[in-house]
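Chemist:
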Amino acid sequence: SRRWARAMAILQELEEKCVTPAAKLKQVADAMTVEMHAGLASEGGSKLKMLITYVDNLPTGNEEGLFYALDLGGTNFRVLRVQLGGKDIGVTNQEFAEVSIPTDLMVGKSEELFNYIAEELAKFVAKEGQDFQVPPGRQRELGFTFSFPIMQTSINSGNLIKWTKGFSIDDAVGQDIVSELTKAIERKGLDMRVAALVNDTVGTLAGGRHTHKDVIAAVILGTGTNAAYVERAQAIPKWHGLLPKSGEMVINMEWGNFRSSHLPLTEYDAALDSESLNPGEQIFEKLISGMYLGEIVRRVLRKMAEEACIFGDTIPPKLNVPFILRTPDMSAMHHDTSTDLSVVGDILKSTLEIPDASLKVRKVVVEICNIVATRGARLSAAGMLGILKKLGKDVITDDENQKNVIAMDGGLYEHYAEYSKCLENTLKELLGEDVSKTVTFEHSNDGSGIGAALLAASHSQYR
Ligand code: ADP
Ligand code: MG
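If you read the sequence shown in UniProt numbering, its first letter stands for residue 31, the second for the next number, and so on.
1. Quick one: which unbroken alpha helix (DSSP H) runs of 4-plus residues sit fully inside the region 116-193? Chain order, please.
2. Could you pull out every residue in the same chain whose Cβ sits closer than 6 angstroms to the Cβ of Gly233, ignoring the five residues on either side in sequence?
3. Among Asp299, Asn106, Leu272, Phe178, which residue has its Cα nearest to the Cα of Val208?
4. Mapping the DSSP letters down to three states, classify Arg392 as helix, strand or coil.
5. Helix, strand or coil, according to DSSP, for Met414 in the structure here?
6. Using the Cα positions of Lys192 and Ile281, report the straight-line distance between them to the nearest angstrom.
7. Could you say which of Pro346, Pro347, Val351, Ile377 lies nearest to Asp359 if we only look at CA atoms?
8. Under the DSSP definition of a beta bridge, which residues are partnered with Asp230?
9. Quick one: what does DSSP say Glu261 is sitting in, helix, strand or coil?
10. Once DSSP output is grouped into helix, strand and coil, what is the label at residue 498?
11. Go to Leu88, then tell me how far its beta strand (DSSP E) extends in each direction, as first and last residue.
12. Within its chain, find whatever has a CB closer than 7 angstroms to the CB of Thr105; leave out the 5 residues flanking it on each side and keep chain order.
13. Give the DSSP bridge partners of Thr255, in chain order.
14. Are at least three pairs of beta-carbons, each pair with one atom in the region 216-233 and one in the region 111-125, less than 8 angstroms apart?
15. Is residue 10 helix, strand or coil when you go by DSSP?
16. Taking the Cβ atom as the reference point for each residue, do Ala247 and Ile426 lie within a distance shorter than 8 angstroms?
17. Any beta carbon from chain B within less than 8 angstroms of Asp359's own beta carbon?
18. What residues in its chain sit with their C-beta under 7 angstroms from that of Gly204, if we drop five residues either side in the sequence?
19. Can we say the region 50-59 touches the region 284-303, given the rule of at least three CB pairs closer than 8 angstroms?
20. Is the closest heavy atom of the ligand ADP to the C-beta of Met321 under 7 angstroms?
21. Going by the beta-carbon positions, is the gap between Lys420 and Met136 smaller than 8 angstroms?
22. Pair every Cβ in the region 67-84 with every Cβ in the region 432-451, then say whether three or more of these pairs are closer than 8 angstroms.
23. Under 7 angstroms from any heavy atom of the ligand ADP, does the C-beta of Pro132 make it?
24. When you compare each of Ala52, Leu460, Ile147, Lys195 to Glu210 by their alpha carbons, which one comes out closest?
25. Quick check: the region 332-340 against the region 446-461, are at least 3 beta-carbon pairs closer than 8 angstroms?
26. Using the Cβ count rule (16 or more neighbours within 10 Å means buried), how would you classify His240?
27. Counting only runs that start and end within the region 282-357, where is the alpha helix (DSSP H) found for 4 or more residues in a row?
28. Three or more C-beta pairs closer than 8 angstroms, one from the region 408-417 and one from the region 377-387: is that the case here?
29. Hey, is the region 157-174 in contact with the region 96-115, meaning 3+ C-beta pairs nearer than 8 angstroms?
30. By Cβ distance below 7 angstroms, which residues in the same chain neighbour Val465 in space, the five residues on each side in sequence not counted?
31. With a Cβ-Cβ cutoff of 8 angstroms, do Ala61 and Pro267 count as a contact?
32. Suppose you measure from the CA of Cys399 to the CA of Arg329; what does that come to, to the nearest Å?
33. Taking the alpha carbon of Glu311 as the reference point, which residue from Lys77, Glu45, His270 has its own alpha carbon closest?
34. Taking Cβ to Cβ, would you say Leu307 is nearer than 8 angstroms to Gly196?
35. Which value, in whole angstroms, describes the spacing of the CA atoms of Gly271 and Ser184?
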């Protein structure tokens with residue numbers, strides 16, 4: 031019928047606009063490398079902030095004692111206590127609690143958010159068992175993982191540049207996040223010091239390095255996306271401080287804000303961006319990360335409903351609700367292996383209140399998920415190629431033991447198998463057979479929390 035032909039035309043156009051052949055990905059990677067140089071050259075020199083983290087030493091394995099971590103970065107936050115055994119022993123004991131952040135706190139006042147966090151932290155400390163003991167007279171110390179762009183002024187201070195990922199708390203922008211947290215901790219009467227402020231990518235890098243000495247970079251694919259890597263201090267022209275003894279500095283790229291004319295953008299991306307809380311910003315993030323993938327799919331489905339009536343003569347009202355189709359639902363539909371695509375049917379029904387999509391339509395839905403996820407995964411591989419290029423590790427070097435590990439974390443990477451498989455295959459494709467043997471991925475499960483505790487230990491006041 032004419033309607034079905036229209037649906038197929040929309041699908042085909044989506045596919046054409048989202049293609050990411052290797053040649054295009056290499057242009058994206060080159061653009062990433064160029065922006066990395068520009069961001070390191072001067073403050074504000076690039077869309078990539080390339081933030082100096084004040085982490086010039088990664089964990090050695092000798093860290094010892096009881097440390098806490100608090101991870102705030104998306105929909106949930108986690109508190110963690112970690113017992114570190116010292117010399118090559120590593121983590122001997124750990125416990126965590128996870129709490130979701132009420133959505134009204136994500137767009138309210140700074141004091142309310144930090145009061146809530148400090149309250150949960152205090153509850154966690156209050157539940158401490160016999161296995162975890164702080165030596166008498168010693169203050170508890172915390173590594174604070176805060177996954178939003180921060181202009182750091184030291185290892186444990188820094189001002190919030192902007193919010194991302196659906197947070198928007200105006201009075202916190204420009205403030206020292208550690209002092210906001212510290213004030214809330216004091217209001218709760220808790221005796222705890224923030225020893226390190228780290229981005230989740232930096233925490234993941236630190237946690238990854240602790241278990242694997244060849245970790246050179248970390249990439250997060252969760253609600254948002256970001257990357258950090260170890261740079262030579264000499265290669266950071268904008269750094270005017272003393273050169274660190276190690277000769278190295280961890281850089282938090284804030285790669286979610288990358289953009290380039292080579293990125294394959296569609297009308298759906300443009301509309302999503304302009305209707306978002308941060309139009310014009312975080313364009314790379316809006317193409318590849320968990321907060322947005324399902325939303326892109328929703329927008330395509332709505333267009334097909336409007337112009338090709340794939341769900342009948344009226345547009346299902348739920349299809350008009352932003353962010354109603356979440357990436358975990360998209361992922362479940364994408365992975366549906368049943369012959370009648372019953373999972374797709376169930377999700378269309380439960381989330382979008384579409385009761386009776388035909389098999390033909392269900393197949394189209396899966397294909398849309400595939401197109402959107404594939405584009406995202408391939409673009410994240412291109413970003414990783416950009417980092418390897420910057421480090422000269424996209425080619426075979428003189429080093430006979432050339433081995434580079436990328437620590438990975440985030441719910442999207444962890445749970446969306448088609449996505450992570452595609453990402454890894456694409457990086458192989460881009461690097462070629464020989465080089466790709468030297469690069470491996472390591473899923474650093476909750477590395478960011480442990481990494482933050484390790485960094486708190488190495489920056490302890492009792493060191
Ligand atoms: P955050 O990024 O908020 O710190 P996570 O790393 O746990 O937290 O990532 C959570 C995100 O991961 C969710 O917002 C969602 O986009 C994505 N995600 C979680 N589960 C799945 C899933 N089963 N399939 C696809 N994406 C998922
Ligand atoms: Mg996180």
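Ideal Cβ placement from N, Cα and C applies to all residues, glycine included. If you're wondering where the values come from, they're calculated on a predicted model, not measured in any experiment.
Modeler: Quick answer:
1. Within the region 116-193, the complete alpha helix (DSSP H) runs of at least 4 residues are 133-136, 140-156.
2. These residues qualify, in order along the chain: Thr175, Ser478, Gly481, Ala482.
3. Restricting attention to Asp299, Asn106, Leu272, Phe178, the CA atom closest to the CA of Val208 is found in Phe178.
4. Helix at Arg392.
5. If DSSP states are grouped into helix, strand and coil, Met414 belongs with the helices.
6. When rounded, the distance between both Cα atoms is 18 angstroms.
7. If we check each option's Cα against that of Asp359, Ile377 comes out closest.
8. In DSSP, Asp230 forms no bridge with anything.
9. In the structure shown, Glu261 adopts extended strand secondary structure according to DSSP, grouped into three states.
10. Look at the range of the chain in this structure, 31 to 493, and you will see that residue 498 is not part of it.
11. Counting along the chain, Leu88 falls outside any beta strand (DSSP E), and DSSP gives it neither H nor E.
12. Hits under 7 angstroms: Ser130, Ile131, Thr253.
13. According to DSSP, which records beta bridges pairwise, Thr255 is partnered with Leu251.
14. Result no; under three Cβ-Cβ pairs closer than 8 angstroms.
15. The structure shown does not extend to residue 10, since the chain is modelled only from 31 through 493, so no value can be given for it.
16. Inclusion of Ala247 and Ile426 in the CB contact set at 8 angstroms is not warranted, their separation being larger than that value.
17. No chain B appears in the structure shown, which is made up of a single protein chain.
18. In its chain, beyond the 5 residues on either side, Asn189, Leu190 have a beta carbon closer than 7 angstroms to the beta carbon of Gly204.
19. Touching, yes.
20. Within the cutoff, so yes.
21. Taking C-beta atoms as the reference points, Lys420 and Met136 fail to come closer than 8 angstroms.
22. Verdict: no, contact absent.
23. Judged by the Cβ position, Pro132 fails to qualify as a neighbour of the ligand ADP at the 7 angstroms threshold, every heavy atom of the ligand being at least this far.
24. Of the listed residues, the one whose Cα sits closest to Glu210 is Ile147.
25. Between the region 446-461 and the region 332-340 there are fewer than three C-beta pairs closer than 8 angstroms, too few to call the two in contact.
26. Under this definition His240 is a buried residue.
27. Complete alpha helix (DSSP H) runs here, min 4: 297-304, 313-318, 320-338.
28. Contact check between the region 408-417 and the region 377-387: fewer than three CB pairs, one atom from each, fall below 8 angstroms, which does not count as touching.
29. In this structure the region 157-174 touches the region 96-115; the number of beta carbon pairs closer than 8 angstroms is three or more.
30. The beta carbon of Val465 lies closer than 7 angstroms to those of Asp424, Val425, Ile426 in the same chain, with the five residues before and after it left out.
31. Not a contact, by the Cβ cut-off of 8 angstroms.
32. If I take the Cα positions, the gap works out to 12 angstroms.
33. Ranked by Cα distance from Glu311, the options Lys77, Glu45, His270 are led by Lys77.
34. At the C-beta level, Leu307 and Gly196 come within 8 angstroms of one another.
35. Rounded to whole angstroms, Gly271 and Ser184 show a C-alpha spacing of 11 angstroms.
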